[in-house]
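Numbering follows my numbering, in which position 51 of the sequence shown is assigned residue number 1318; successive positions increment by one, without gaps. The structure appears right after this line, and notes come after that.
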Amino acid sequence: MPAGKNMPANKISELLGELHMVLAGKGSRVFDSTVPLVVYLLLNSIFSGWVGTAGAAGAALLLLILRLLRRESPVYALGGFGAAALAVVFSQLAGTGTGFFVPGLLSGAISVALCVVSVLLNRPLVAWTSHLTRRWPRQWYWHKKVLPAYNEVTIAWGVVFALRLWVQYSLFLQGDVGTLGLVQLFLGWPFTVLLLIASYLYGQGRLRSLSGPSVEEFKAGAQPPWQGQRQGF
């Protein structure tokens, strides 16, 4: 294949490093949030009624107990148990298996709203998530030659989250529990990783085109022309 059509090895290495930094320590979260859903799908395909939701809540509770016994952080397990408990409540209120997915739909709607409101306030959500991960100065993100990149990526996130919510809600209305569960699994962490990669590649290119200061140049009060941020977003 001709040179230039493959992503350079150093860029792939950079992406892997960035993903590791962003997702470091999230393994427990992935596991603790996925297991209850898988248990629910398996039990719901065999039994009817409350068995699937009860099994999901039980799996989440066992994970929480396991984290406590191993003296690991129970934060993600607590989140998984809380989500499973809410799913049980909504399932019972709805009287159907699709009620299990109501908390996920609500979470998706909140994500879309946060993207929209943060862009309207000119304080984009992606900038906040980057700041919390990297601890770069908040004022750097608001620089006029940096902010547009984060606004644009946040708008893209809002559109993608809205499309994901529309797909999930459409399946929810159809009452297709099996397909809805499989879609939710794929649109969970696999989807998030792909979104992070696309956001990083676009964001890096946009920062270069804006020709703003790098984080270190901003901290040092350097005057233009700036070298710009070459890694990280």
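All C-beta atoms in this analysis are idealised placements derived from N, C-alpha and C, irrespective of residue type, glycine included.
Item	Value
By the 10 Å Cβ neighbour count, where 16 or more other Cβ atoms means buried, how is Pro-1269 classified, buried or exposed?	Unreliable placement is indicated for Pro-1269, whose pLDDT of 45 sits below 50; the coordinate value is still reported in the next sentence. Exposed, because fewer than 16 other Cβ atoms sit within 10 Å of the Cβ of Pro-1269.
Do you know how far the Cα of Gln-1496 is from the Cα of Phe-1485?	10 Å
Specify the secondary structure class of Val-1306 as computed by DSSP and reduced to three states.	helix
Among residues of its own chain, excluding the 5 on either side of Pro-1391, which ones have a beta-carbon nearer than 6 Å to its beta-carbon?	Ser-1385, Tyr-1417, Asn-1418, Thr-1421
Ordered along the chain, which non-local residues of its own chain (more than five positions away) have a Cβ less than 7 Å from that of Phe-1348?	Ala-1327, Leu-1328, Leu-1331
Helix, strand or coil for His-1398? Go by DSSP, reduced to three states.	helix
From the DSSP output, in three-state form, read off Gln-1498 for me.	coil
Of the choices Gly-1284, Val-1450, Phe-1500, whose alpha-carbon is the least far from that of His-1398?	Phe-1500
What did DSSP end up calling Gln-1451 once you bin it into helix, strand or coil?	helix
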